[in-house]
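Notes follow once the structure below has been shown.
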Amino acid sequence: MRNSSKSAMSKGTHTYGYDDAGRLTSWTAPGGETTDYEWDASGNRVRAGEETFSYDARNRLTGSGDGDTWSYTPRGTLAQSVVDGVERTPEFDAFERMVASGDGTVEYGYDALGRVATRTEDEGLMAAAETSEFLYGGLEKNNPLAVLDSEGDALSSYGRDEAGELVSIADADQQPALAYLNNHTDLAATYTPQGTTTSSTAFSPFGETVASEGAADSLGFQSEWTDPVTGDVNMHARWYQPGTGRFASRDTMTLEPDPSVQLNRYTYGNGAPMRYRDPSGHFLVGSTGAAVGAGAATSIGLGTTMAIGLGLLGGVGVALAIGFVAYTAYNYYTSSSSSGFSNRPAYRPGMYSMYSGGGSSGGAGSGSGGGSGATATGSFTTTPYATPGYTGGRSWSPRTSVRPEPRRPVVPKVDPRKKILRKILNTPQPRPPIHNTVDQSDVDKARKKAEETVRNFRISMKT
């Protein structure tokens, strides 16, 4: 084991170990239970705790020590899985998008940009199929803003910032709540503006739900939409299955072979799910780091009052110990009407200032509001929204004093599909090869027969 790292998450401290290739080798939960992981040379997870897995030469999962089996189509999409005796036969279209979950109840439709547009669930012979619609905030936005039922009523609605990151959530029959994301941008908890937790979820490193309190949320691992029937996570270009820690189809993009695990087109997060996330289903970005959630309370339970406020709020008197995303969410919520969430206020010059400190940030928020608050232990040494290939540097924090006006941070565009499609359409393609369906000897025979017929006709005319 090369090194270990710790991060404060719900219910205590989780400890992770890694090998020299940077792959996760152990996870110790707060209760002391340790899960060990083993990998082969191709980046396939061959052991997770007591369970073992086997793969074929193309890195496709084929079986487990518990008797589960998986099979694939020639295109590399999952054709059948039998897990714990339950069979699924998912179907994919020509663009390798899952159009049927394979359990006989759920089907998906997609828009021209490959985003999930509709979900149809067959609820049995005694009920009509229900179709829900996904709404997005423009052609270049991948994350949904709402999910509507067949009558046009909202099943779920999501508040997001300029980068598309989640700041609030309102599922059916639930009050709108602020979203608390952990280092990996998993939806770890929801809470009110007063800091009272309304729901919380703990995930394994690969996204399985290991504990939860309160109503289930429609978003979960990596704060992505999760199908309530299958548990599959929509990672846009592909569907991710937390139970195996793998995608249901191979990556259609070829990544650089450094590190070598990137040649494996099914493995999630280069085998290091706490260090990386996959916002598009094609390539990785680093997790948001200690700035998001590093100062969270070590126990997040239903009804718990979270420390949310900081001197950065201009003396409101609440000590915010949960990082930049929660601060953003607080501003978003308080700027909204009491009946729901409105659009986040437009950017104003001077809202942000450069910060490059390497130690703990934040502090006690005394302020005129009268609350002393708690010290924020999160470090702002990484950007809240990392770009591909990002290795560190300056980041953005709320402005606390008068300084020269900085440039507004650039929001990265993480999905190149539109650009790739335009390039394909504008690139002349070679003509396909011509394959003769008739042999030349047959052509010669037909020609000779026709000539003989003409010759005989001329002879008959002369006589």
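Letter by letter, the sequence shown follows residues 1 to 463 of UniProt numbering. Ideal Cβ positions, reconstructed from N, Cα and C, are used throughout, including at glycine.
8 Å contact criterion, which G214 and S199 should meet: CB distance rounded: Residue numbering aside, residue 214 sits at position 214 when the sequence shown is read from its first letter. Residue numbering aside, residue 199 sits at position 199 when the sequence shown is read from its first letter. Their Cβ separation, rounded to whole angstroms, is 3 Å, which keeps G214 and S199 in contact under 8 Å.
Buried versus exposed, by CB contacts within 10 Å (16 or more), A74: For the purposes of this step, residue 74 is identified with residue 74 of the sequence shown, where counting begins at 1. With the sequence shown as reference, residue 74 is identified as Pro, and Ala is not the correct amino acid for it. It is exposed - the Cβ of P74 has fewer than 16 other Cβ atoms within 10 Å.
Length of the line joining the Cα atoms of T15 and A29: Residue numbering aside, residue 15 sits at position 15 when the sequence shown is read from its first letter. Residue numbering aside, residue 29 sits at position 29 when the sequence shown is read from its first letter. If I take the Cα positions, the gap works out to 7 Å.
For G309, the three-state DSSP class (helix, strand or coil): Reading the sequence shown from its first residue, position 309 is the one you call residue 309. At G309, the pLDDT of 35 sits below 50, so the modelled position is not reliable and the matter cannot be decided from this model.
7 Å Cβ shell around W225 - same chain, five flanking residues per side excluded: Indexing the sequence shown from 1 puts residue 225 at position 225. Closer than 7 Å at the Cβ level, and outside the excluded window around W225, lie P144, S218, L219 and N234.
Closest by C-alpha distance to M253, when choosing among Q222, G245 and G281: Position 253 of the sequence shown holds residue 253. Taking only the C-alpha atoms, the option nearest M253 is G281.
Segment limits, beta strand (DSSP E) that includes F53: Sequence index remark: in the sequence shown, residue 53 carries index 53 (1-based). Here the beta strand (DSSP E) through F53 covers E51 to Y55.
Integer-rounded CB distance, given that A117 should sit under 8 Å from E123: The residue given as residue 123 occupies position 123 in the sequence shown. The residue given as residue 117 occupies position 117 in the sequence shown. 20 Å between Cβ atoms; not a contact.
Pair within 8 Å by beta-carbon distance, F134 and G114: Here the question's residue 134 lines up with position 134 in the sequence shown. Here the question's residue 114 lines up with position 114 in the sequence shown. Contact: no.
Integer Cβ distance of D278 from R265, believed to fall under 8 Å: Walking along the sequence shown from the start, residue 278 turns up at place 278. Walking along the sequence shown from the start, residue 265 turns up at place 265. The Cβ separation is near 12 Å, so there is no contact.
Rounded Cβ spacing between Q241 and H184 (contact assumed at less than 8 Å): Along the sequence shown, one-based indexing puts residue 241 at 241. Along the sequence shown, one-based indexing puts residue 184 at 184. 17 Å between Cβ atoms; not a contact.
CA-to-CA distance, Y268 to G137, given in whole angstroms: Reading the sequence shown from its first residue, position 137 is the one you call residue 137. Reading the sequence shown from its first residue, position 268 is the one you call residue 268. Cα-Cα distance, rounded: 27 Å.
Beta-carbon proximity list for D111, same chain, < 6 Å, skipping 5 on both sides: If you number the sequence shown from 1, residue 111 lands on position 111. Counting only Cβ-Cβ distances below 6 Å, and skipping sequence neighbours, we find A117.
Given S247 as reference, the closest of R431, L255, G286 and D232 once Cα atoms are compared: Locating residue 247 in the sequence shown gives position 247, where the first residue counts as 1. Sequence inspection shows Phe at residue 247; the Ser mentioned does not correspond to that position. The residue with the shortest Cα to Cα distance from F247 is D232.
Secondary structure of E213, DSSP reduced to three states: Numbered from 1 along the sequence shown, position 213 holds the residue referred to as residue 213. In this structure, E213 counts as strand in the three-state DSSP scheme.
C-alpha gap between N426 and K419, whole angstroms: Here residue 426 is taken as the residue at index 426 of the sequence shown, counted from 1. Here residue 419 is taken as the residue at index 419 of the sequence shown, counted from 1. About 11 Å.
Cβ shell of M461 (< 8 Å), same chain only, five flanking positions each side left out: Mapped onto the sequence shown, residue 461 falls at position 461. Excluding positions up to five away in sequence, the list is empty.
Host alpha helix (DSSP H) of V454 (start-end): By 1-based counting over the sequence shown, the position of residue 454 is 454. Residues Q440 to K462.
Which residues DSSP lists as bridging V82, in chain order: Start at 1 with the first residue of the sequence shown, and residue 82 comes out as number 82. Per DSSP, T69 and E87.
For T377, three-class secondary structure by DSSP: Mapped onto the sequence shown, residue 377 falls at position 377. With a pLDDT of only 36 at T377, under 50, the local geometry of the prediction cannot be trusted, and the value read off the model is given with reservation. Coil at T377, not helix or strand.
DSSP bridge partner residues for L166 (one or two, in chain order): Walking along the sequence shown from the start, residue 166 turns up at place 166. Its beta-bridge partners are R160.
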